[in-house]
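Chemist: Supplied in structure tokens, the structure appears directly below.
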Amino acid sequence: MTKEQEYLISLLAAYISGEKIILQPDTDYRLLFNTAKIHNLACPVFCAISGAENTNEINENLFAEYQGAFLDSVYINNMQMQIFGEIKALLAKNGIKFVPFKGAVLRELYPDPEARTMGDIDLLIEKGRQKQVKVLLCANGFENTVCGSGEWVYTKGGVITEIHTSLINGKIGNSTADEFFENAIQKAEFNGCEGRLLPQYHFEYILAHLAHHFGNCGAGIKMVLDLAVMLKAGGISIEAAEADFEKMGLGKFAKIILAICKKWFGYGKECEYPTQKTEDFIASHGAFGNVSRNKAVVVERTKLARGSAKGGFSAKLALLFPSYEEMCALSYIRFLKGRRWLTPLAWAIRFFKNLFCRRKDMMRLAKEIGSNENTAAAREELEYYKEIGLL
-12 MTKEQEYLIS LLAAYISGEK IILQPDTDYR LLFNTAKIHN LACPVFCAIS GAENTNEINE
48 NLFAEYQGAF LDSVYINNMQ MQIFGEIKAL LAKNGIKFVP FKGAVLRELY PDPEARTMGD
108 IDLLIEKGRQ KQVKVLLCAN GFENTVCGSG EWVYTKGGVI TEIHTSLING KIGNSTADEF
168 FENAIQKAEF NGCEGRLLPQ YHFEYILAHL AHHFGNCGAG IKMVLDLAVM LKAGGISIEA
228 AEADFEKMGL GKFAKIILAI CKKWFGYGKE CEYPTQKTED FIASHGAFGN VSRNKAVVVE
288 RTKLARGSAK GGFSAKLALL FPSYEEMCAL SYIRFLKGRR WLTPLAWAIR FFKNLFCRRK
348 DMMRLAKEIG SNENTAAARE ELEYYKEIGL L
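Numbering (our numbering), first residue to last: -12 to 378.
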């Protein structure tokens, strides 16, 4: 890890523990700010440094940027909570059960709720209620942008809300995590129409969600921080979580992440496995593991894990024409599930979407995928994923 990554983690640890901070004089605070931003952590870092006794260590203009990021987050957070309240009221009025999860719940565990930024609002509803919810929300000014396969996305006033019928869509490596969380709404406690996931169950889901992101491209410091604030809040048995993840087939990975959480933030549990390589990986690639990453390596590693890797021209062809299963995972092609015969239509939609929205990225990826260097890197990454228990 870099010096700034290490200092970012120490500031976050002090922040959630309520410790008074004295800023280090030999720190590049511009680089620290940039590191915090790619991890979506500029706000809690500002909360940490703003209470320091020696804020004059930071250039006045740079400090104003930190402050601006925090104020922007407060504004966005307030907008999100207004929309959240509106959706809750609509669902309750119409007798539709719902369960908030992820950021809308986790924010309340932070010393400053507004510091826990959210990309969107996540709600779980009962299967079979999707069309009713769609009619209700669209009649009240929401636009439905994505629908199908367990997830419906709505926007209003720039705020994104994801309505789910399942917590996890798709497999996490070779595990059974998707089955473990399959009927999550039945595990919730309800007060009227609004339910809540119990701390233990929600914690285990957040850890599985981290594993899901890690298995795709990667996961960042913020996801580990979420685990720390949940453990700090109490009501969670690490031993019970370890036992559940062992049953899912993610026991080793869970132990490694909980050990990192303990090392970084003081909450978690040490383990017998080495953690430094995974610490470096989490700290180096941003909130979702896509910063400073070779996308071609990620794509090839994914195909190697599925046993569908091909070399040279065949790899490029597979990029243009992904398998039916890969296509079903795309949020804008959810209509395909259960309709394999529509795969050629889905390929065409994906092609034109990439042509107009991601042309440069796709051209670069097509050029790089299948090279000897990237294939070797993909094989190395695959072995690492096996080492940490993700595959």
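A virtual CB, placed ideally from N, CA and C, is assigned to each residue, including glycine.
A quick note: this is a predicted structure, and the numbers were derived from the prediction, not measured.
Work out the CA separation of G202 and V278 for me, nearest whole Å.
Modeler: 15 Å
Chemist: Quick check: the Cα distance between I243 and V86, rounded to an integer number of angstroms?
Modeler: 29 Å
Chemist: For G238, does the three-state DSSP call read helix, strand or coil?
Modeler: G238 sits in a helix when the DSSP states are folded into three classes.
Chemist: With 16 other CB atoms within 10 Å as the buried threshold, where does K60 fall?
Modeler: What sits at residue 60 in the sequence shown is Ser, not Lys. Result: buried.
Chemist: Between the C-alpha atoms of Y254 and V140, what's the straight-line distance to the nearest angstrom?
Modeler: 34 Å
Chemist: Taking Cβ positions, are E383 and E138 nearer each other than 8 Å?
Modeler: Any property of residue 383 remains undetermined from this structure, which presents the chain solely from -12 to 378.
Chemist: Classify N43: buried if its beta carbon has 16 or more other beta carbons within 10 angstroms, exposed otherwise.
Modeler: exposed
Chemist: What's the gap between the Cα of A76 and the Cα of Y188?
Modeler: 25 Å
Chemist: Exposed or buried, what is G222 when buried is set at 16 or more other beta-carbons lying within 10 Å of its beta-carbon?
Modeler: exposed
Chemist: Since A292 and L237 are thought to touch, with beta carbons under 8 Å apart, how far apart are those beta carbons, to the nearest angstrom?
Modeler: A292 to L237, Cβ: 15 Å. No contact.
Chemist: Between G72 and I108, what straight-line distance do the alpha-carbon atoms span, to the nearest angstrom?
Modeler: 11 Å
Chemist: Just tell me which of I112, V92, L110, R280 has its CA closest to the CA of R103.
Modeler: V92
Chemist: Please go through the same chain and pick out, in chain order, the residues whose beta-carbon is closer than 7 Å to the beta-carbon of A1, but skip the five residues on each side of it.
Modeler: Beyond the five residues adjoining it in sequence on each side, A1 comes within less than 7 Å, by CB distance, of I8, A35 in the same chain, given in chain order.
Chemist: In chain order, what are the residue ranges of uninterrupted alpha helix (DSSP H) at least 4 long that sit wholly in the segment 103 to 161?
Modeler: Complete alpha helix (DSSP H) runs here, min 4: 117 to 125.
Chemist: How about A29 and L10: do their beta carbons lie closer than 8 Å?
Modeler: no
Chemist: Tell me which residues share the same chain as L218 and place their Cβ nearer than 8 Å to its Cβ, disregarding the 5 neighbours each side in the sequence.
Modeler: Closer than 8 Å at Cβ, skipping near neighbours: F190, I225, C248, Y254, G255.
Chemist: Quick one: give me the first and last residue of the alpha helix (DSSP H) that V285 is part of.
Modeler: Start and end: 282 to 293.
Chemist: Entirely within the segment 34 to 95 and at least 3 residues each: give me those beta strand (DSSP E) ranges in chain order.
Modeler: 85 to 88
Chemist: Can you tell which of A270, I336, L378, P261 has its C-alpha closest to the C-alpha of I208?
Modeler: Nearest of A270, I336, L378, P261 to I208, Cα basis: A270.
Chemist: Per DSSP, which one or two residues make a beta bridge with N178?
Modeler: E181
Chemist: Excluding the 5 residues preceding and the 5 following V211 in the sequence, name in chain order all residues of the same chain whose CB lies nearer than 8 Å to its CB.
Modeler: Around V211, the same chain offers L197, I244, I247, C248, W251, F252, I269 as residues with beta carbons nearer than 8 Å, after the five sequence neighbours per side are excluded.
Chemist: Tell me which residues share the same chain as F232 and place their Cβ nearer than 6 Å to its Cβ, disregarding the 5 neighbours each side in the sequence.
Modeler: If you ignore the 5 residues before and after F232, its C-beta comes within less than 6 Å of the C-beta of G238, A241, all in its own chain and listed in chain order.
Chemist: Measure the Cβ-Cβ separation of C180 and V285 and say whether it is below 8 Å.
Modeler: no
Chemist: Kindly indicate which residue of H151, G128, M66 has the alpha-carbon position closest to the one of K84.
Modeler: H151
Chemist: Check C30 in the structure and name its three-state DSSP category.
Modeler: helix
Chemist: Can you tell me which of P100, G376, E95 puts its alpha carbon nearest to the alpha carbon of Y260?
Modeler: Nearest to Y260 by alpha-carbon distance, out of P100, G376, E95, is G376.
Chemist: Tell me the rounded alpha-carbon separation between E(-7) and F33.
Modeler: 16 Å
Chemist: Whose CA, out of Q67, A333, S153, lies closest to the CA of G115?
Modeler: S153
Chemist: Grab the span of the alpha helix (DSSP H) containing H199 for me, first residue to last.
Modeler: 186 to 203
Chemist: Leaving out the 5 sequence neighbours to the left and right, which residues in its chain are closer than 6 Å to R94 when beta-carbon positions are compared?
Modeler: For R94, same chain residues with a beta-carbon under 6 Å away, outside a window of 5 residues either side, are P100, R103 in chain order.
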